[in-house]
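Worksheet: the structure to be examined is printed underneath.
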Amino acid sequence: MAATPITAHSGARLSGIARVPGDKSISHRAVMLGALAVGETRVTGLLEGEDVLATAAAFRAMGAGVARGEDGVWTIAGVGLGGLGEPPDILDMGNSGTAARLLLGVLAGHPIRCFLNGDASLRKRPMKRVADPLTAMGARIESRSGGRLPLMIDGAMAVLPVRYELPVASAQVKSAVLLAGLMARGETTVFEPAATRDHTERMLGHFGATVRVEPRDGGLGPAVTVVGEPELTAADIAVPADPSSAAFPIVAALITPGSEVRIPGVGLNPTRTGLFVTLREMGADLAIENEREEGGEPLGDIVARHSALTGIEVPPERAPSMIDEYPVLAVAAAFAEGRTVMRGVGELRVKESDRIAAMEAGLAANGVATESGADWLIVEGRGAGDVPGGGPPVETHLDHRIAMSFLVMGLAARNPVAIDDGRAIATSFPGFADLMTGLGARLA
């Protein structure tokens, strides 16, 4: 498929209501746990991006009923714990690291053989961090590419419960171990070095599993325990709007003069709101209204207005709550007065691309100075109205967040900002261009 270059132009204020897609993390988990439950789960607001559709296709191939109704509501006919069957073909996880890693956890608890693959970007991402604890739980995982996809997994005949200390804060690794622990006889506990997004724990409880989250002293993250062999029962889910997707129209409004944008129904899980806290510390006019709770997840409406931003130092312990938002934060930092320092962000090196390197290259091409190290990035802000833009097309490396971040930059830079390929945007934010142009953005 040919590349799809896109250019963003400044000159128009943004206004209106931005209805962003459903939360990607919650959508993946809704499909997975719905498939492992007994009965039929109805899911509203499911993200219909390529990543989640890959998860749906994988579970469909293993015997679960996963279908979209004409009303947009998805129904998942679960097969119960241990009920997944061996798929007839390779499971293609596309671009989704979340889908691949969490699925490995599910498969580790089923005595079937599966082969997983993905696109060129996903095949570069490390899977050993998940394979190691799952192997300790009894699964057999083989890869000819240094622990990366493609790989083969034989699920355990009898899953061993473990007490596992995460070497790095990772919600995906934590979730994989907990999902495997569902099939163990006994309790499986994961010790986090820092708190990470807790959608898996919340949703396990929603489906009837027993989960304990116990705080630890010394600034460490919690100990999370799941009791094995529960009876998971179908439970309807309303997926909130994705805060990671909401970040793009929010930052666009903050840096574009005269703008005011409302994003309704955004998930406000405290393990996901680090960007909003950071933007407010930078001086953002960011209001949260109509706060409420649905399906165990807090949400609210966010109103973002054009603001004069100031560079700050983002504390490293905040990184797990905003790891996917650092690319667009770097764009906001470019329009701030003074430098913004981001530390503890080494995980960005192993996302869909090396996001630190990708952001530095794109920022430099558009007149913004940066510095970086293994786990830190500094952006030298130029202030509102002084970001040059106009560089050669930014290489996105088929990374959806890099692509959207630089299109947001182009809406407020002095000259247009182009990206080399926008195809990857559909993995998490189908309809991004239409939504932004509906607010007044000029994308071509």
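The sequence shown begins at 1 in UniProt numbering and counts up by one.
Glycine included, C-beta positions come from ideal geometry on N, C-alpha and C.
- Annotated three-state conformation of residue 9 is strand, per DSSP.
- Between residue 182 and residue 230 the beta-carbon gap is near 7 angstroms, inside 8 angstroms, which marks them as a contact.
- By the Cβ rule, the region 44 to 56 counts as touching the region 422 to 433, because three or more pairs are nearer than 8 angstroms.
- Taken through DSSP and simplified to helix, strand or coil, residue 289 comes out as strand.
- Take residue 320, set aside five residues on each side of it, and the residues of its chain with a beta-carbon closer than 6 angstroms to its own are 169, 194, 196, in chain order.
- Here the alpha carbon of residue 335 sits roughly 6 angstroms from the alpha carbon of residue 382.
- Taking C-alpha positions only, residue 440 is separated from residue 21 by approximately 19 angstroms.
- Going by DSSP, residue 299 is part of the beta strand (DSSP E) stretching over 297 to 305.
- Annotated three-state conformation of residue 331 is helix, per DSSP.
- Remark: C-beta atoms of residue 180 and residue 108 approach each other more closely than 8 angstroms.
- Within the region 46 to 75, complete beta strand (DSSP E) segments of at least 3 residues are found at 65 to 68, given in chain order.
- Between the beta-carbon of residue 379 and that of residue 340 there is about 5 angstroms, and that keeps the pair under the 8 angstroms contact cut.
- Contact fails between the region 232 to 239 and the region 273 to 292, because fewer than three Cβ pairs, one in each stretch, are under 8 angstroms apart.
- Residue pairing of residue 359 in beta bridges, as defined by DSSP: absent, with no partner found.
- If you draw a straight line from the Cα of residue 239 to the Cα of residue 359, it is about 30 angstroms long.
- Counting along the chain, no beta strand (DSSP E) covers residue 132; the unbroken alpha helix (DSSP H) around it starts and ends at 128 to 136.
- At the C-beta level, residue 393 and residue 419 come within 8 angstroms of one another.
- Using a Cβ-Cβ distance cut-off of 8 angstroms, the region 254 to 264 and the region 293 to 302 are in contact, since at least three pairs of beta carbons, one from each stretch, lie closer than that value.
- If you draw a straight line from the Cα of residue 157 to the Cα of residue 24, it is about 31 angstroms long.
- With contact defined as three or more Cβ pairs closer than 8 angstroms, the region 371 to 378 and the region 213 to 230 are not in contact.
- For residue 212 and residue 411, the gap between their C-alpha atoms comes out near 45 angstroms.
- Beyond the five residues adjoining it in sequence on each side, residue 272 comes within less than 7 angstroms, by CB distance, of 197, 243, 321 in the same chain, given in chain order.
- Residue range 274 to 281 is occupied by the alpha helix (DSSP H) that includes residue 280, with no beta strand (DSSP E) assigned at that position.
- If you ignore the 5 residues before and after residue 318, its C-beta comes within less than 6 angstroms of the C-beta of 274, all in its own chain and listed in chain order.
- Of the residues assessed, residue 210 falls on the exposed side of the cut-off, its CB having fewer than 16 other CB atoms within 10 angstroms.
- Between residue 125 and residue 105, the C-beta spacing is not below 8 angstroms.
- Around the beta-carbon of residue 225, 16 or more other beta-carbon atoms lie within 10 Å, marking it buried.
- Under the three-state reduction of DSSP output, residue 180 falls in the helix class.
- In its chain, beyond the 5 residues on either side, 8, 9, 10, 11, 12, 411 have a beta carbon closer than 8 angstroms to the beta carbon of residue 442.
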